[in-house]
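Structure, as structure tokens:
Protein chains: 2
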Amino acid sequence: MTTSAAGPPTVETIAARAGVSIASVSRVLNGHGARPNTVRRVEQAAAELGYVPNGVARSLKGGRTRQLTFAMPDVGNPVYVSMVRQIQATAKPLGYRLLLHSTDAVAEDELDVVRSLADRTSDGLILVPIRVTGEHLDVMAAAARPVVVIGSLPDEAPVDSVRADSVSGTLLAMRHLLASGRRRTAFINGPADTVPGRNRSLGYRTALAEAGLEHDPALTVTTEFDISAGAAAMHRLLDAAPGIDSVFCANDQLALGAVHAAHDRGLRIPEDLAVAGMDNSELARASHPALTSVDLGSAERGRIAAEMLLSRLDGEDHDVRCETVAARLVVRGSTAYDQPDYDHDRDRASDPRAHPDPDPGRRRGAGSGTTATSASASVSAS
Amino acid sequence: MTTSAAGPPTVETIAARAGVSIASVSRVLNGHGARPNTVRRVEQAAAELGYVPNGVARSLKGGRTRQLTFAMPDVGNPVYVSMVRQIQATAKPLGYRLLLHSTDAVAEDELDVVRSLADRTSDGLILVPIRVTGEHLDVMAAAARPVVVIGSLPDEAPVDSVRADSVSGTLLAMRHLLASGRRRTAFINGPADTVPGRNRSLGYRTALAEAGLEHDPALTVTTEFDISAGAAAMHRLLDAAPGIDSVFCANDQLALGAVHAAHDRGLRIPEDLAVAGMDNSELARASHPALTSVDLGSAERGRIAAEMLLSRLDGEDHDVRCETVAARLVVRGSTAYDQPDYDHDRDRASDPRAHPDPDPGRRRGAGSGTTATSASASVSAS
DNA sequence: AACCGAACTGTAAACGTTTACAGTTCGCTC
DNA sequence: GAGCGAACTGTAAACGTTTACAGTTCGGTT
Chain X
1 MTTSAAGPPT VETIAARAGV SIASVSRVLN GHGARPNTVR RVEQAAAELG
51 YVPNGVARSL KGGRTRQLTF AMPDVGNPVY VSMVRQIQAT AKPLGYRLLL
101 HSTDAVAEDE LDVVRSLADR TSDGLILVPI RVTGEHLDVM AAAARPVVVI
151 GSLPDEAPVD SVRADSVSGT LLAMRHLLAS GRRRTAFING PADTVPGRNR
201 SLGYRTALAE AGLEHDPALT VTTEFDISAG AAAMHRLLDA APGIDSVFCA
251 NDQLALGAVH AAHDRGLRIP EDLAVAGMDN SELARASHPA LTSVDLGSAE
301 RGRIAAEMLL SRLDGEDHDV RCETVAARLV VRGSTAYDQP DYDHDRDRAS
351 DPRAHPDPDP GRRRGAGSGT TATSASASVS AS
Chain H
1 MTTSAAGPPT VETIAARAGV SIASVSRVLN GHGARPNTVR RVEQAAAELG
51 YVPNGVARSL KGGRTRQLTF AMPDVGNPVY VSMVRQIQAT AKPLGYRLLL
101 HSTDAVAEDE LDVVRSLADR TSDGLILVPI RVTGEHLDVM AAAARPVVVI
151 GSLPDEAPVD SVRADSVSGT LLAMRHLLAS GRRRTAFING PADTVPGRNR
201 SLGYRTALAE AGLEHDPALT VTTEFDISAG AAAMHRLLDA APGIDSVFCA
251 NDQLALGAVH AAHDRGLRIP EDLAVAGMDN SELARASHPA LTSVDLGSAE
301 RGRIAAEMLL SRLDGEDHDV RCETVAARLV VRGSTAYDQP DYDHDRDRAS
351 DPRAHPDPDP GRRRGAGSGT TATSASASVS AS
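Sequences listed follow chains X and H, in order.
Residue numbers for the first sequence, in the UniProt record's numbering: 1 to 382.
Residue numbers for the second sequence, in the UniProt record's numbering: 1 to 382.
Next comes the structure, spelled out in structure tokens:
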């Protein structure tokens, strides 16, 4: 027994005060049964001392920290923000804390996060890689803790994953544009050397083929994900390929850039030019006219990833799982004449299992006047 | 010496393999000096085994976890997102991880976060309280680890804090509107029973008084922070008080709602109605016309809070500090005829000490055509 | 060749828990 | 009132590190 020095109370302090052994203290505090008299004295001593168990010591003994790590390229990106929200909402009720890691889209940093699981500081990882290399697969396969990837992985990869369906998403948007009579639809894509970039391109060409339209390479521009990049791209398109009546953009920022450019030239939206974006971020709802956008289910992907990880941590030793989240088209004023100027739809409102809204004043009637179309989800286990 | 069973390698495993004691292993690994021969053997053994030190054991021994906690009301709010980014950017180079906690604006949850510092799981806390009660002050004063508050605290509070200057911010926006010849400026405020709510109201009335204008209560509406709430409020104002030529809104969402409402009625912006918002979020840049907005320096508040906390953790035992971050007005097309339709200014671009941009393609020429005015910052130590 | 101090190394304790095991108490039954 | 399980309690070890202390080695001096 140490002298009752300064420092916060420990089981030892309580044991001394209650006149029992530290084992009894631990047992009472964890509800493992003791004589009523013992329980009373320990609980009283603990309460008087304001005892709080040392989580670090507990983690060392128990081998679990009750911490999860979420690593993504950029904290600021609204897509990842909604993932964070859902992961948090899923993990918190089970007593897990969330550790945030921004990789700044540096591949080496991603690898480091996976490797650092070996330091036992976190019980599991949800990773959004910018691009998946062979080294990624090797390192993840050897990870000291369960890893779930949000993104596309090769079929044989031994890692759980959740992916978006950007092919279907693009198809939904393109079909919508073409169904409303547009015949010359441009395409502003993000970097093409990524899986989503290639998938969107595929969706675009597929939709054109479906409609019996020819694919004109001059109608496609590849650029950065950026408002000003979107504006520049739109200007370029309008200069080089006159007669464009609609444009699909790989994210909402690009789409808003396109809207700006169109306005600069005196084009009316949607009358002269229909614009559709992707991600269904808050920007889409806020802009004027409100932006038609493809929702790739980032919130749901976050929730599913969290559930996958938690089930692994529960010790369930099932096969590798890979789930695909359906895309959903949210039609607003930028492509349709009869859509309202703004709507009250929030992306988490689309998720029945979502976190309860902390601030009821912020959500009103859900999506009145907003049309949503879902692509069929394909769920496969390999 | 235990049998070399499964499980990840520990100092013991390495010691056995290198033929030295665990103390030597620890010393070599921490660079505390050893004979070249010992160093070589330990390092080789560690490398061969792929040893990674157990961070939990380390934390238990050292009494520090190298983890910081950031607790705020809502992960999704862009204001907090930019704080997260800066806190992360400041703490990561010093080897600190960031634990995220969303309080969902529940006061009891805020108190729990502070109390849970006693579990030794985090080295310090940055808290954004929704409202500060006496109990908050008591609990923070008794906290087991340093706490920094982002928000306004009573003068005598024994806690470091960083606050925004919403009075000056409101004044900047109002002076700008009045200086451009507007004479009937409405005010859409958020909830009035908070410190920022009262401060904005004060700034509004002060600006009117400065300009020798009478304060007309019919021109002020108090509502929730919400796009649709902003639209509803604007409609109400235009119905009840005709002749309004400008409006200042307590955040960008409200302002965009006002823009929508004005468009619905065929009003031109800025010709018929000038609109200014607050927070200078991405929404302000993205909207059309781009929105004049007051930047309350959320990124900088995050950075300063992180620095304050880190200096406490460095053992510096200075007096309680309270810093106020200056407000800055960013003028864009929604109030000025000659402003560009959009600009490339990003809020972190305004911060010279900010995190380097991970994606150079996203930032172009900084703020060309955008006028920024700073309120003088007052920095005080109590 | 013995000696000395510096430099290194090993043993063991400590951080605060949880828990196996052995020892104790207790309420019953006969 | 002795005997018997069941229920409780205490001792001690374990989780994986770091580090004070004492013991060892080493080179260089005299």
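Note that the Cβ used here is the ideal one computed from N, Cα and C, for glycine as well.
Computed from a predicted model, the values in this text were never measured in an experiment.
- In the three-state DSSP reduction, R17(X) falls in the helix class (H, G or I).
- Here DSSP, grouped into helix, strand and coil, assigns A89(H) to helix.
- Using a CB distance cut-off of 8 Å, L313(H) does not count as an interface residue toward chain X.
- CA-CA distance, V247(X) to G212(H), rounds to 50 Å.
- In its chain, beyond the 5 residues on either side, L68, F70, L98, I126, G302, R303, A305, A306 have a beta carbon closer than 8 Å to the beta carbon of I87(X).
- Boundaries of the beta strand (DSSP E) harbouring H101(X): 97-102, taken from the DSSP string.
- Per DSSP, A118(X) lies in no alpha helix (DSSP H) segment and is marked neither H nor E.
- Interface residue (Cβ-Cβ distance to chain H less than 8 Å): G55(X) is classified as such.
- For I22(H), there are no neighbours in chain X by C-beta distance under 9 Å, as the nearest C-beta there is about 16 Å away.
- In this model, R312(X) and V162(X) are separated by some 14 Å (Cα to Cα).
- Nearest CB-CB separation between V75(X) and chain H: below the 8 Å threshold.
- Taking 8 Å as the cut-off, the Cβ atoms of G297(X) and A326(X) count as close.
- With respect to V159(H), G203(H) sits apart: the two C-beta atoms are not nearer than 8 Å.
- The beta carbons of P78(X) and D279(X) sit closer together than 8 Å.
- Where T69(X) is concerned, there is no enclosing alpha helix (DSSP H), although the beta strand (DSSP E) around it starts and stops at 67-72.
- In this structure V81(H) touches V81(X) by the C-beta definition: roughly 6 Å separates them, less than 8 Å.
- In the structure shown, the three-state DSSP call for N189(H) is strand.
- Assigned with DSSP and collapsed to three states, G277(X) falls in strand.
- S59(H) places its beta carbon 8 Å or farther from that of V113(X).
- The alpha-carbon of I227(X) is positioned some 12 Å away from that of A290(H).
- Residues of the region 93-118 of chain X with a C-beta less than 8 Å from any C-beta of chain H: R97, L98, L99, L100, H101, S102, D104, A105, V106, R115, S116, A118, listed in chain order.
- The region 173-246 of chain X is shown to contain whole beta strand (DSSP E) runs of 3 or more residues at 185-189, 220-222, in chain order.
- Within the region 116-138 of chain H, contact with chain X at the beta-carbon level (separation under 7 Å) is assigned to A118, D119, R120, T121.
- Taking C-beta atoms under 8 Å as the contact rule, L273(H) and A262(H) qualify, at a distance of about 5 Å.
- In the three-state reduction of the DSSP assignment, S287(X) falls in the coil class.
- The C-beta of T13(X) comes no closer than 8 Å to any C-beta of chain H.
- If you check each beta-carbon in the region 226-256 of chain H against every beta-carbon of chain X, the ones closer than 9 Å belong to D226, I227, S228, A229, A231, D252, Q253, L256.
- Sequence-distant Cβ neighbours of A240(X) in its own chain, meaning closer than 7 Å and more than five residues away, are A218.
- The Cβ atoms of G190(H) and G197(H) sit closer than 8 Å to each other.
- D264, E282, L283, R285, A286, S287, H288: these are the residues of the region 264-294 of chain X whose beta carbon lies less than 8 Å from some beta carbon of chain H, given in chain order.
- Leaving aside the five residues that flank I14(X) on each side, the residues in its chain whose CB is nearer than 7 Å to its CB run, in chain order, V25, V42, A45, A46, L49, Y51.
- Proximity of S59(X) to chain H, defined by a Cβ-Cβ separation below 8 Å, is satisfied.
- Sixteen is the threshold: since fewer than 16 other Cβ atoms of the shown chains lie within 10 Å of the Cβ of T133(H), the residue is exposed.
- Contact annotation: in the region 21-40 of chain X, no residue has its CB less than 9 Å from a CB in chain H.
- Sequence-distant partners of D104(H) (beyond 5 residues in either direction) whose C-beta falls short of 8 Å from its own C-beta, in its chain, are P73, D74.
- Counting only Cβ-Cβ distances below 8 Å, A71(X) has no contacts in chain H at all, with the closest Cβ about 11 Å away.
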